[in-house]
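In the working numbering, the protein residues as written are 272 to 468.
In structure tokens:
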């Protein structure tokens, strides 16, 4: 029952590799390419010929075969890697290629972006993951997902994340974690720079 099956997104046609597990028919799947969230039953099983030829994408708990580069192979596109800014505290975190863990500042936290929350412990020490990958033909892609299953409500815009969701971030998106709000921004390479006098 734990075999890998291929399903095709009904909106964008992306082929996802999914581990077939008990109860999967009752789950929702968010396509990491177009961000549409649908019941698993609305995704079509991909034909064998598609499985060999089409671009595949990653999803938590899934395997993927779409064209990606590691940080050392990545084209010089660091300017298009986004950053997160925490409202209130003014903390800013420049995302890096690969996996970025966001969470509450704590002595034993492994978060790359530890956020100061004072006495509020509703945010987990490892709460959210933003994965940055270069995808051929698409450029830098930023995927947000929950770090673990048991976590307090977390939102991207009005969409509440569920464990297993992998949502593509767009410039200006608001991420609401317990106790703080983060804004995702991609630097504008063409913007006019203002000299501070």
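By construction, the Cβ of each residue, glycine as well, lies at the ideal position given by its N, Cα and C atoms. It should be emphasised that the depicted structure is a prediction, and the values quoted were computed from it without experimental measurement.
For residue 413, the enclosing beta strand (DSSP E) starts and ends at 410-417. If you draw a straight line from the Cα of residue 439 to the Cα of residue 404, it comes to about 11 Å. Residue 424 sits exposed, since fewer than 16 C-beta atoms from the chains shown fall within 10 Å of its C-beta. Note that the C-beta distance between residue 397 and residue 427 is not below 8 Å.
Note on geometry: alpha-carbon atoms of residue 434 and residue 417 lie some 6 Å from one another. Nearest to residue 295 by C-alpha distance, out of 304, 274, 281, 286, is 274.
Shown here for residue 278: same chain residues with a beta carbon closer than 8 Å to its own, the five before and five after excluded, namely 286, 287, 289, 300, 311, 314, 315, 316, 317 in chain order. Here the alpha carbons of residue 400 and residue 451 stand approximately 16 Å from one another.
The Cβ atoms of residue 386 and residue 366 lie no closer than 8 Å to each other.
Between residue 448 and residue 415, the CB-CB gap reaches or exceeds 8 Å. Per the coordinates, the alpha-carbon of residue 441 lies some 15 Å from the alpha-carbon of residue 432. Where residue 357 is concerned, the enclosing beta strand (DSSP E) starts and stops at 354-357. Within its own chain, the residues whose Cβ lies closer than 8 Å to the Cβ of residue 377, once the five positions on either side in sequence are excluded, are 385, 396, listed in chain order. Beta-carbon to beta-carbon, residue 402 and residue 454 are separated by about 18 Å, too far to satisfy the 8 Å threshold.
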